[in-house]
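Residue numbers (the UniProt record's numbering): 1 to 101.
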Amino acid sequence: IEAVKDMKDSVIFLVDCHRSMYEQNMFNGRPTEDCDSTSSIDCVLRAALSFMKTKIITSDNDKIGIILYGCAKTQNSLNLPNICVMQRLDTPDAATIKNFQ
């Protein structure tokens with residue numbers, strides 16, 4: 001059981017940011033109190049945020065990264081076109097959550 005406690009996960013979210021992800025889609029869930037949009041990009045980012053919050057509480061050693069592709073701009077160490085590193089693979093904390101929101 002001790003070996004399982006010492007294990008950590010590394011999760012990288014690859015988020016599609018093509019134009020179609022921003023279109024309203026009535027099949028992507030329901031609007032919530034804090035977000036009245038039902039676009040695919042909103043649903044994906046809300047899910048990633050929820051996942052990060054859960055990981056902070058349940059597994060303080062796990063690492064999470066977020067990479068956006070299909071972006072209008074480029075922001076990564078290899079200068080690959082249309083790819084932005086939103087969150088480097090790292091252990092999330094309160095500051096990470098605040099920046100992500």
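For glycine and all other residues, C-beta sits at the position ideal for the given N, C-alpha and C.
key: Same chain, Cβ closer than 8 Å to residue 20, five either side skipped, listed in chain order   = Close CB contacts of residue 20 within its chain, under the 8 Å cut and outside five residues either way in sequence, are with 40 (chain order).
query = At which residues does the alpha helix (DSSP H) containing residue 52 begin and terminate?
reply = For residue 52, the enclosing alpha helix (DSSP H) begins and ends at 40-58.
Rounded straight-line distance, which links the Cα of residue 24 to that of residue 65 = The straight-line gap separating the alpha-carbon atoms of residue 65 and residue 24 is approximately 26 Å.
query = How many whole angstroms separate the CB atoms of residue 70 and residue 82, which I take to be in contact at a CB cut-off of 8 Å?
reply = For a cut-off of 8 Å, the C-beta gap from residue 70 to residue 82 is around 6 Å, short enough to register as a contact.
request  = Taking 8 Å as the cut-off, decide whether the C-beta atoms of residue 14 and residue 67 are in contact.
outcome  = Less than 8 Å separates the beta-carbon of residue 14 from that of residue 67.
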